[in-house]
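Residue numbers (the working numbering): 2 to 196.
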């Protein structure tokens, strides 16, 4: 299958970048072809400008040039894995802006004659989030995992076929140990290799 790993963290060498590498390694071990998007390395601009918003609202399916390559990767992906840290109970701004700009009309959804949303992602079969939290599990449960919900719930509704989802979350990052991080990395790579 064709896998797309969307990675968002400003610092190469962070634990998130190591999670990205474990994700890619596991997917390749399973025999999947893997495309990688590194939003920070791409200097992706998350801001939707006025002209883009007007095009979006006019349901223009033609994305702006700086978004077109991402749209193509998303439309061909059968597995999408999003790797990011959770900040302020959500995804980093760059990843949220990427979702806003890429999952546009004609890509993630269409509108029928009654203006009702219909799914448009035809190839996607799996959506997976791999994320870290500074907080413990109970705190995250109380606050809701808004980041994963964007992708696990909302994006899933944009898929034509039944899509399987998986959340791989590492809690208490601020109090982690080398052993606990290594165990989570192993878990992530193993899960990817089983897809």
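From the three backbone atoms N, C-alpha and C, an ideal C-beta is built for every residue, glycine too.
None of the values given here were measured: they were computed from a predicted structure.
Taking all protein chains shown into account, do 16 or more other C-beta atoms lie within 10 angstroms of the C-beta of residue i, making it buried, or fewer, making it exposed?
i: residue 11; result: exposed
i: residue 100; result: buried
i: residue 161; result: exposed
i: residue 1; result: The first residue shown for the chain is 2 and the last is 196, placing residue 1 beyond what the model contains.
i: residue 102; result: buried
i: residue 75; result: buried
i: residue 14; result: exposed
One question on the structure: do residue i and residue j come within less than 8 Å of each other, judged by their Cβ atoms?
i: residue 57; j: residue 127; result: no
i: residue 31; j: residue 82; result: no
i: residue 37; j: residue 72; result: no
i: residue 66; j: residue 53; result: no
Less than 7 Å between the CB of residue i and some heavy atom of the ligand PLP, yes or no?
i: residue 118; result: What this structure holds is no ligand at all, so the ligand PLP is not there to describe.
What distance in whole Å lies between the Cβ atoms of residue j and residue i, which are believed to be in contact at a cut-off of 8 Å?
i: residue 18; j: residue 190; result: In fact, because the Cβ distance is near 14 Å, the residues do not count as touching under 8 Å.
i: residue 84; j: residue 168; result: 12 Å between Cβ atoms; not a contact.
Leaving aside the five residues before and after residue i along the sequence, list all residues of the same chain whose C-beta is less than 6 Å from its C-beta, in chain order.
i: residue 94; result: 47
i: residue 62; result: 107
Going by beta carbon distance, what residues of the same chain come within less than 7 Å of residue i, once the five residues before and after it are set aside?
i: residue 125; result: 78, 79, 81, 160 and 164
i: residue 122; result: 109, 159, 160 and 161
i: residue 29; result: 35
i: residue 45; result: 95 and 99
Locate the alpha helix (DSSP H) running through residue i, then write down its first and last residues.
i: residue 193; result: 179-194
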